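Comments concern the structure below.
Protein chains: 2
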Amino acid sequence: MITSQLLRPESIVVVGASNNVHKPGGAILRNLISGGFRGALRAVNPKEKEVQGVTAFADVKDVPDTELAILAIPAAMCPEAVEVLANEKKTKAFIVLSAGFGEETHEGALLEQQILDTVNRYGASLIGPNCIGLLNTWHHSVFSQPIPNLDPKGVDLISSSGATAVFILESAVTKGLQFNSVWSVGNGKQIGVEDVLQFMDEHFDAEKDSHIKLLYIENIKDPDRLLFHASSLIRKGCKIAAIKAGSSESGSRAASSHTGAIASSDSAVEALFRKAGIVRCFSREELTTVGCVFTLPELKGKNVAIITHAGGPGVMLTDALSKGGMNVPKLEGEAAEALKAQLFPGASVGNPIDVLATGTPEHLRLCLDFCENKFDNIDAVMAIFGTPGLVTMFDMYDVLHEKMQTCRKPIFPILPSVNTAGAEVAEFLAKGHVNFADEVTLGTALSRIMNVPRPAASEIELLGVDIPRIRRIIDSIPENGYIEPHYVQALLHAAGIPLVDEFVSDNKEEVIAFARRCGFPVVAKVVGPVHKSDVGGVVLNIKGEQHLALEFDRMMQIPDAKAVMVQPMLKGTELFIGAKYEEKFGHVVLCGLGGIFVEVLKDVSSGLAPLSYPEAYSMIRSLRAYKIIKGTRGQKGVNEDKFAEIIVRLSTLLRFATEIKEMDINPLLATEKWVIAVDARIRIEKKAG
Amino acid sequence: MITSQLLRPESIVVVGASNNVHKPGGAILRNLISGGFRGALRAVNPKEKEVQGVTAFADVKDVPDTELAILAIPAAMCPEAVEVLANEKKTKAFIVLSAGFGEETHEGALLEQQILDTVNRYGASLIGPNCIGLLNTWHHSVFSQPIPNLDPKGVDLISSSGATAVFILESAVTKGLQFNSVWSVGNGKQIGVEDVLQFMDEHFDAEKDSHIKLLYIENIKDPDRLLFHASSLIRKGCKIAAIKAGSSESGSRAASSHTGAIASSDSAVEALFRKAGIVRCFSREELTTVGCVFTLPELKGKNVAIITHAGGPGVMLTDALSKGGMNVPKLEGEAAEALKAQLFPGASVGNPIDVLATGTPEHLRLCLDFCENKFDNIDAVMAIFGTPGLVTMFDMYDVLHEKMQTCRKPIFPILPSVNTAGAEVAEFLAKGHVNFADEVTLGTALSRIMNVPRPAASEIELLGVDIPRIRRIIDSIPENGYIEPHYVQALLHAAGIPLVDEFVSDNKEEVIAFARRCGFPVVAKVVGPVHKSDVGGVVLNIKGEQHLALEFDRMMQIPDAKAVMVQPMLKGTELFIGAKYEEKFGHVVLCGLGGIFVEVLKDVSSGLAPLSYPEAYSMIRSLRAYKIIKGTRGQKGVNEDKFAEIIVRLSTLLRFATEIKEMDINPLLATEKWVIAVDARIRIEKKAG
């Protein structure tokens, strides 16, 4: 629960306030004072009458009513202080900085629970314990530095690690990134990353609120809520980027040794971020660079013009953009010639536009004008202007500043001379701009952003999937584990997923009669033995009745043989669909081409059920082998629409059958005309009733 | 030609010296003076008696003998000044800063040529024109800033773009990277990147010289020389990293609009760097990070321990290292327990080792001791220590400094708090250390370095390839273009590459007799028509004489049919080898699996002929589909040794037949036992004699 007293308290008390700014209780008071908090500020300190000029009380019992309390006292003392404040002082918000709780010991976890019970009982907010606090434009309730520049249109940063938040700020302030708020949720006992996001979504004010959210998450505790509120915010016009640390096996160990987090499987995270439209980042540097890009107007297309007075960085940036699927289109024709005529001899306008080392601020202005008004195919401009130190860059950056106010297209400032033109860059940043010091880091970040899809629709595609029947089938299955073929068939049928005709019998005549009906050639498989192939229990391409009769007799002699299954022998491209239930995330659906593509090349893409058509297409199209699905070099492709439909249908089936913990359709055969499941396995697990 | 007067001049004259440090002729004089140049310093300025306290002469004719001349005067005035200095003043080295030469106009190119002729006639060195100059520990002959900290063991930076060199320095100084020299070769009229490298190689002194070279190259003018001297330096113990800008199609355009460079094909660059053992980088940030890693001792293995007092960055670093093929192995057992017992409760030692936010400098020392002496499987340590600003970090960084002097294993300092602990980081850097402010950037750079192979052996593997015969065959081919099948066969035979038996005839009886000898089934192909498949001219899997006779008759009816070719029908995994002659680089050899792997997935790796066995294996093993070659999931693999041998033999053939401009063997069929060429095409181009 996030109360208004947490966000905009009229009064704050620092319990454990100190004159020593090397202690959290001293540092946070200093930050509150220097942050210009305008409400009533109080301190609790048993030994002082005044701390850093703020009136101090010996005990929380002596404090007047106070809306927000910050606790910087030993863990064992916290529960009582919280009780007194909540009960007697009408305190409706708590920030507990202290460590020594659930992250360390069992006893600590009990203290933490006691605090939570109290704040919940009084309808109060709790940030922490074990955190650096909360910083916003109203109050600087953090004990850490650096304090970034604050602006209501700046970034909201929500971090599950305090130290990481601090280091993200280190990386951000150098770039000029401004913040609206910084949340360090610590142990997140009451308020976690998901809760902050939910609050921001439910109270979103498009006029007043920040549109940019950066997240650092070590453990996604509630994927559904993260997905719902992240997508919702993005649909309302927000931009969200996040680091989910612990993506590798060793990385997961690191995360769990840190906060007791059990890392979620990474493909589930990948799928969730794609579904929500969250830009995934892997480093602080990347996160803050993406954050800086978010502060600029959105690109309407992928065509970039580069303006520079130094060739090399323009070349490297072009490489990075091209690699990331962006374009640096050639500029030519009348407009290009007109521009060239107004620059110094030797300047080039082909893109990158190189105004030469001697290029003037007026040249930059001219190039920006042309990019905005004459080069219609250009969607964004990147201006690389550093200096070897001969002249100052104030005039040049003034032109950038001025044009950035008015230009209809986004302008990305790349100012590499952070030392030599340090004063100029600082002045530019002081006007509220960001700076991308490394052009390739920007190019890579922008490409990453441009390749993230919009949030998926939240409606479930029903497509006539027979949900009551699915429930009846699931409920009728007697045991956990891999279910029998007839249940598999029934479930796929209820979901409207075409399955190859098949017939099982221990009667030779019936088997032959079926083969005659469906047409030769057929495939025969023994029913009963587990490893069919190993015992000669699978025969492909049986072309006639006589051959089938012989195989039937032979197969029925195999130990454990109960019957023989016959299917028509189809020819097509092998596809694959699989799904796995991930605790808390739900079903992760994988798709790809079959055989070596899945097994050797691991060329699969993932999505989170339920899936929409656009998501299914996006999954299919992000396969490396997509060209084979589309058809290539005279080879016909497969029916992509039907493939997508089956993915969507399967995801709907899964949504209503959460007992399915694992399943795969492999192979799914496909031609230009049809896509049909040939073999499928489903494993269910029902809770003991 | 690089003269000693260029490197360690006893006297320097700045022609066009100025009191205005906003002009190159003023800035370079200021840099020389503030750089403490200890020789005789002179100026030429028609209006002054003294410039910045240095005696000025009105004309170059009045100057006493001077070893090095720096020209900062208009291009048109340079040739005469050079002539006077070289002829009358014994000047043996020139740095021409001025622009307005070949990079701009035809007239400029002529002036440039005139200067070159003069300096060559007098055996002098020429850096430039159109450059920022040359900076080393002896003299700061650059007009640009920043001036990095200089140290004889620092980095040698060689750049074909002056502005890029300046921006690389901006990125480097922030990290504390020190330099031995910075070369901006400008138009490289006499001395290009390759020349500097050659000089460094031929005069290499393992005791005195820097072991680290960073290159920025827009155009590889002489790939052979770059390869030879880069490999040679690396074999002598040097480490080299390079940016070759212009890797994308648009990027190449950017590079050529910049310096008139014609970009080389990127796979040739990739192949050359692999062969030389050069670490390829794509951004300034990456290049300087790799440069910083190079300053630390080399890793003996891939196992890293991470020590931190903040969890998050440790997790992200673990992710990045794992993704790059490095390990963050779990630390356990007695030693781990012993360490844990000496840290604060709640600390974890599983790796990352987390000493908690309250961890002390002594804890860090202890962890470093354990990593050095107790954890035998650890090859390197990364220490992440920032601060939220409560206490200063001087003591902590002193421990790092101290241990870095003595530890047998490399220690990577990651100090993220560049603002809050700015003073501490600065003091640490002042001791000659580097700092990796972003842990993931370091992890990625280190992985990149660890995955670069050693330089390839320079000897050509002959393997009994019959070179005289190859030359006779090539010389006997009458025309350019795709050569006839019997020439292809003869060349592969001379190279010792097994080729499937085949027989061509317009006589049906002979064709059938051959098929009988080699054994059915066979493949028959019509000889004559170009697009054989389109006219029904290819039939696979012919199982008997009668069928072959029928197909022979049918094929001979096809328009343009001259004969029929018969081969035994082999079964195996399809492989692919191709080669292309790249101007200046020589033959780029590609290998991969055949079919969709090459055509759709573009899963090929490249090497530069001639290839050694280790290179061929490295090419094969860097294929994404390598598991198929090795054998997977019960599927037998193919004979990797024979595949490698054919790659090596082909590369040797190519080395002695540079007339071959393009060729491919596709398919090359392979089983566990054999690898054999089934079809091959070769295109030759001989120079008009």
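Quick note, the sequences are listed as chains D and H, same order.
Note that my numbering has the first sequence beginning at 1, numbered continuously upward.
Note that my numbering has the second sequence beginning at 690, numbered continuously upward.
Just so it is clear, CB atoms sit at the ideal spot from N, CA and C, and this is done for glycine as well.
For clarity, every value in this text was computed on a predicted model and none was experimentally measured.
Alpha carbon to alpha carbon, how far is SER141 of chain D from ASN19 of chain D? Give it in angstroms, no decimals. For the purposes of this step, residue 19 of chain D is taken as residue 19 along the first sequence, with counting starting at 1. For the purposes of this step, residue 141 of chain D is taken as residue 141 along the first sequence, with counting starting at 1. Distance between the alpha carbons of ASN19 of chain D and SER141 of chain D: 16 Å.
Distance between ALA1369 of chain H and SER945 of chain H (C-alpha atoms, nearest Å): Locating residue 945 of chain H in the second sequence gives position 256, where the first residue counts as 1. Locating residue 1369 of chain H in the second sequence gives position 680, where the first residue counts as 1. Caution applies to SER945 of chain H, whose pLDDT of 48 falls short of 50 and renders its modelled position unreliable; the value that the coordinates give is listed next. Cα-Cα distance, rounded: 36 Å.
Check whether chain H comes within 8 Å of MET316 of chain D, counting only Cβ atoms and requiring the distance to be less than that. To locate residue 316 of chain D, count along the first sequence from 1; it is residue 316. Chain H, which has a Cβ nearer than 8 Å to the Cβ of MET316 of chain D, makes this yes.
When burial is assigned at 16 or more other CB atoms within 10 Å of the CB, is ILE262 of chain D buried or exposed? For the purposes of this step, residue 262 of chain D is taken as residue 262 along the first sequence, with counting starting at 1. Per-residue confidence for ILE262 of chain D stands at a pLDDT of 29, beneath the threshold of 50, marking its modelled position as unreliable; no derived number is given.
Classify GLN1235 of chain H: buried if its beta carbon has 16 or more other beta carbons within 10 angstroms, exposed otherwise. Here residue 1235 of chain H corresponds to residue number 546 of the second sequence, with the count starting at 1. Exposed, because fewer than 16 other Cβ atoms sit within 10 Å of the Cβ of GLN1235 of chain H.
C-alpha gap between PHE1265 of chain H and PRO148 of chain D, whole angstroms: The residue you call residue 1265 of chain H lines up with position 576 of the second sequence. The residue you call residue 148 of chain D lines up with position 148 of the first sequence. Rounded to the nearest angstrom, the two C-alpha atoms are 56 Å apart.
Taking the C-alpha atoms as reference points, what is the distance between LEU1057 of chain H and PHE656 of chain D? By one-based count along the second sequence, residue 1057 of chain H stands at place 368. By one-based count along the first sequence, residue 656 of chain D stands at place 656. Computed Cα separation, rounded: 54 Å.
Endpoints, the alpha helix (DSSP H) within which ILE804 of chain H is located: Looking up residue 804 of chain H in the second sequence gives position 115. In the DSSP assignment, ILE804 of chain H falls within the alpha helix (DSSP H) that extends over 795 to 810.
Put VAL96 of chain D into one of helix, strand or coil per three-state DSSP. To locate residue 96 of chain D, count along the first sequence from 1; it is residue 96. Three-state result, VAL96 of chain D: strand.
Is it the case that the region 303 to 322 of chain D contacts the region 615 to 622 of chain D, given that we only count it when at least three CB pairs across the two stretches are under 8 Å? no
Based on the DSSP secondary-structure assignment, which residues constitute the bridge partners of ARG280 of chain D? Taking the first sequence and counting its residues from 1, the one referred to as residue 280 of chain D is at position 280. Looking at the DSSP assignment, ARG280 of chain D forms a beta bridge with D:ALA242.
With a Cβ-Cβ cutoff of 8 Å, do ASN541 of chain D and PRO521 of chain D count as a contact? Position 541 of the first sequence holds residue 541 of chain D. Position 521 of the first sequence holds residue 521 of chain D. Taking C-beta atoms as the reference points, ASN541 of chain D and PRO521 of chain D count as a pair closer than 8 Å.
Whole angstroms are fine: how far does the CA of LEU608 of chain D sit from the CA of HIS762 of chain D? Shown here, chain D extends from 1 to 689; a query on residue 762 of chain D therefore has no answer.
Within 8 Å of any Cβ in chain D, is that where the Cβ of HIS711 of chain H sits? Counting from 1 along the second sequence, the entry for residue 711 of chain H is found at position 22. At least one chain D Cβ lies under 8 Å of HIS711 of chain H.
Is the Cβ-Cβ distance between ALA494 of chain D and ILE470 of chain D less than 8 Å? To locate residue 494 of chain D, count along the first sequence from 1; it is residue 494. To locate residue 470 of chain D, count along the first sequence from 1; it is residue 470. Yes, the pair counts as a contact, with Cβ atoms nearer than the cut-off.
Do you know offhand how far LEU1339 of chain H's Cα is from GLY572 of chain D's? The residue given as residue 1339 of chain H occupies position 650 in the second sequence. The residue given as residue 572 of chain D occupies position 572 in the first sequence. If you take the alpha carbons of LEU1339 of chain H and GLY572 of chain D, they lie about 37 Å apart.
Just tell me which of H:THR863, H:PRO768 and H:LEU730 has its CA closest to the CA of GLU756 of chain H. Sequence index remark: in the second sequence, residue 756 of chain H carries index 67 (1-based). Looking at the Cα atoms, H:LEU730 is the closest of the given residues.
Checking 8 Å against the spacing of the C-beta atoms, do GLY1078 of chain H and GLN145 of chain D come in under that value? As a working mapping, residue 1078 of chain H is identified with position 389 in the second sequence. As a working mapping, residue 145 of chain D is identified with position 145 in the first sequence. In contact: GLY1078 of chain H and GLN145 of chain D (Cβ atoms closer than 8 Å).
For SER700 of chain H, collect the residues of the same chain with a Cβ closer than 6 Å to its Cβ; drop the 5 residues on either side in sequence, then sort them by chain order. Taking the first residue of the second sequence as 1, we reach residue 700 of chain H at position 11. Contacts found: GLY728, ALA729, THR755 and GLU756.
Give me the subset of the region 889 to 906 of chain H whose CB atoms are less than 7 Å from a CB atom of chain D, sorted by chain position. TYR905
Determine, using beta carbons only, whether VAL145 of chain D comes closer than 8 Å to chain H. In the first sequence, residue 145 of chain D corresponds to position 145, counting from 1. It is worth fixing the name first, because residue 145 of chain D is Gln in this sequence and not Val. Closer than 8 Å: yes.
Determine, for SER937 of chain H, whether the minimum Cβ-Cβ distance to residues of chain D falls below 8 Å. As a position in the second sequence, residue 937 of chain H is number 248, starting the count at 1. Yes, SER937 of chain H counts as interfacial toward chain D.
Examine chain D for any beta-carbon lying closer than 8 Å to the beta-carbon of THR1360 of chain H, and answer yes or no. Numbered from its first residue, the second sequence carries residue 1360 of chain H at position 671. Answer no: the Cβ-Cβ gap between THR1360 of chain H and chain D never drops below 8 Å.
Three or more C-beta pairs closer than 8 Å, one from the region 1319 to 1333 of chain H and one from the region 631 to 646 of chain D: is that the case here? no
Should the region 1079 to 1098 of chain H be regarded as contacting the region 812 to 832 of chain H, the criterion being three or more beta carbon pairs within less than 8 Å? No, the region 1079 to 1098 of chain H does not touch the region 812 to 832 of chain H.
In the DSSP assignment, the alpha helix (DSSP H) including VAL1317 of chain H goes from what residue to what residue? Here residue 1317 of chain H refers to the residue found at position 628 of the second sequence. It should be noted that the sequence gives Ile, not Val, for residue 1317 of chain H. Note, ILE1317 of chain H: alpha helix (DSSP H), 1315 to 1319.
Answer with buried or exposed for PRO129 of chain D, where buried requires no fewer than 16 other C-beta atoms within 10 angstroms of its C-beta. Taking the first sequence and counting its residues from 1, one reaches residue 129 of chain D at position 129. Result: buried.
State buried or exposed for PHE394 of chain D, treating a residue as buried only when at least 16 other CB atoms are found within 10 Å of its CB. Start at 1 with the first residue of the first sequence, and residue 394 of chain D comes out as number 394. It is exposed - the Cβ of PHE394 of chain D has fewer than 16 other Cβ atoms within 10 Å.
Report yes if the CB atom of VAL279 of chain D is closer than 8 Å to the CB atom of ARG472 of chain D, and no otherwise. As a working note, residue 279 of chain D is residue 279 in the first sequence. As a working note, residue 472 of chain D is residue 472 in the first sequence. No, they are not a contact pair.
Verify the CB distance criterion: does ASP1008 of chain H have a CB-CB separation below 8 Å to chain D? Counting from 1 along the second sequence, the entry for residue 1008 of chain H is found at position 319. Closer than 8 Å: yes.
GLY350 of chain D versus GLY797 of chain H: straight-line alpha-carbon distance, rounded: On the first sequence, residue 350 of chain D is found 350 positions in, with the first residue counted as 1. On the second sequence, residue 797 of chain H is found 108 positions in, with the first residue counted as 1. Going by the C-alpha atoms only, they are around 22 Å apart.
Which stretch, first to last residue, makes up the beta strand (DSSP E) that contains ILE847 of chain H? Looking up residue 847 of chain H in the second sequence gives position 158. Element bounds for ILE847 of chain H: 839 to 848.
Helix, strand or coil: which one does DSSP assign to THR1133 of chain H? On the second sequence, residue 1133 of chain H is found 444 positions in, with the first residue counted as 1. Taken through DSSP and simplified to helix, strand or coil, THR1133 of chain H comes out as helix.
Proximal residues, the region 379 to 396 of chain D versus chain H, C-beta separation under 7 Å: GLY386, PRO388, GLY389, LEU390 and VAL391
Length at least 3, wholly inside the region 168 to 245 of chain D: the beta strand (DSSP E) runs in chain order: 179 to 184, 212 to 217 and 239 to 244
Can you check which of these residues, H:GLY1121, H:ILE1073 and H:GLU1113, is closest to PRO1102 of chain H by C-alpha distance? Within the second sequence, residue 1102 of chain H is the residue found at index 413, counting from 1. Selected option, being the one with the closest Cα: H:ILE1073.
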